[in-house]
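Structure first, commentary second.
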Amino acid sequence: MRILIIEDEVTLNKMLAEGLKEFGYQSDVVETLKDGEYYLDIRNYDLVLMDWMLPDGNSVDIIGDIKANTPKTVVVVLSARDDNESEIEALRAGADDYIRKPFDFEVLIARLEARLRFGGSNIIEIEDLTINPEEEKITYKETEIELKGKPFEVLTHLARHRDQIVSKEQLLDAIWEEPELVTPNVIEVAINQIRQKMDKPLSITTIETVRRRGYRFCFPKEVS
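Quick note, the sequence shown lines up with residues 1 to 224 if you use this note's numbering.
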């Protein structure tokens, strides 16, 4: 599970990131709406945990866009506002939960877990192809494909953005924790594994190379 934390209070965002890590969550931390929107554009998140008021605006204003682009992403608003009107505004904007500051961390974790369970499945289904990110499992016409690790994550990311051309740099930023420490060649290796372990044995094409631009998920596309 990956969580995006949008919180400008440095002590708090550090505490949240470290605490979530202990419970097995991966998290990215940003301090502004602009940076939050950037990460939302390049990565897939199961949950967004965000402060109400940020240096460059009101986080509630972007909830509609998050839900429109990734309906399954859970949005939880943290706020020092303790009036009912603010809570109602956030929930009506599309937030899945509203948690008042200060809060007990164990209670926060329990509520996040509950919301993630309630938020629904992130399973991708395209005709006879099913990609289950939660179980790292792929099936095609009831046949399970053995594809794990980074190749699986690359395939999943491209499938979630199947109307877009995704560059190598975007894939590195979205999937690798420290993209600056690896070379773009790792993307080519992952794509090759997808083609060898999945496309070739099943006589399908899931990813096409767009010259000088990147890759695009193109299933269904039969191999002639």
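Note that beta-carbon positions come from the ideal geometry of N, C-alpha and C, so glycine has one too.
Predicted model, so just to flag it, every value in this text is computed and none were measured.
Count the other CB atoms, across all protein chains shown, that sit within 10 Å of the CB of residue i; report buried if there are 16 or more and exposed otherwise.
{"i": "residue 223", "result": "In this prediction, residue 223 scores a pLDDT of 46, lower than 50, which makes its location untrustworthy; the coordinate-derived value is nonetheless stated afterwards. Under this definition residue 223 is an exposed residue."}
{"i": "residue 156", "result": "buried"}
{"i": "residue 126", "result": "exposed"}
{"i": "residue 83", "result": "exposed"}
{"i": "residue 73", "result": "buried"}
{"i": "residue 66", "result": "buried"}
{"i": "residue 79", "result": "buried"}
{"i": "residue 181", "result": "exposed"}
{"i": "residue 63", "result": "buried"}
{"i": "residue 103", "result": "exposed"}
{"i": "residue 13", "result": "buried"}
{"i": "residue 175", "result": "buried"}
Find out if the Cβ-Cβ distance for the pair residue i, residue j is shorter than 9 angstroms.
{"i": "residue 75", "j": "residue 57", "result": "no"}
{"i": "residue 173", "j": "residue 6", "result": "no"}
{"i": "residue 32", "j": "residue 8", "result": "yes"}
{"i": "residue 36", "j": "residue 4", "result": "yes"}
{"i": "residue 110", "j": "residue 131", "result": "no"}
{"i": "residue 128", "j": "residue 141", "result": "yes"}
{"i": "residue 168", "j": "residue 187", "result": "yes"}
{"i": "residue 47", "j": "residue 143", "result": "no"}
{"i": "residue 81", "j": "residue 96", "result": "no"}
{"i": "residue 220", "j": "residue 204", "result": "yes"}
{"i": "residue 70", "j": "residue 45", "result": "yes"}
On the DSSP bridge assignment, give the partners of residue i in chain order.
{"i": "residue 217", "result": "207"}
{"i": "residue 100", "result": "79"}
{"i": "residue 6", "result": "30, 50"}
{"i": "residue 13", "result": "Residue 13 pairs with nothing; no bridge assigned."}
{"i": "residue 124", "result": "131"}
{"i": "residue 58", "result": "53"}
{"i": "residue 74", "result": "47"}
Give the C-beta separation of residue i and residue j to the nearest angstrom, bearing in mind that I take them to be a contact with Cβ-Cβ under 8 angstroms.
{"i": "residue 77", "j": "residue 52", "result": "6 angstroms"}
{"i": "residue 153", "j": "residue 197", "result": "Not really, about 14 angstroms apart at Cβ, beyond 8 angstroms."}
{"i": "residue 206", "j": "residue 199", "result": "6 angstroms"}
{"i": "residue 28", "j": "residue 39", "result": "6 angstroms"}
{"i": "residue 190", "j": "residue 151", "result": "4 angstroms"}
{"i": "residue 26", "j": "residue 1", "result": "7 angstroms"}
{"i": "residue 105", "j": "residue 19", "result": "6 angstroms"}
{"i": "residue 108", "j": "residue 99", "result": "6 angstroms"}
{"i": "residue 216", "j": "residue 165", "result": "5 angstroms"}
Chain D beta carbons: is any one of them nearer than 9 angstroms to that of residue i?
{"i": "residue 212", "result": "The displayed structure is made up of one protein chain only, and chain D is not part of it."}
Every unbroken beta strand (DSSP E) within the region 126-179, with a cutoff of 3 residues, ordered by chain: Within the region 126-179, the runs of beta strand (DSSP E) at least 3 residues long that lie entirely inside it are, in chain order, 129-132, 137-140, 143-145.
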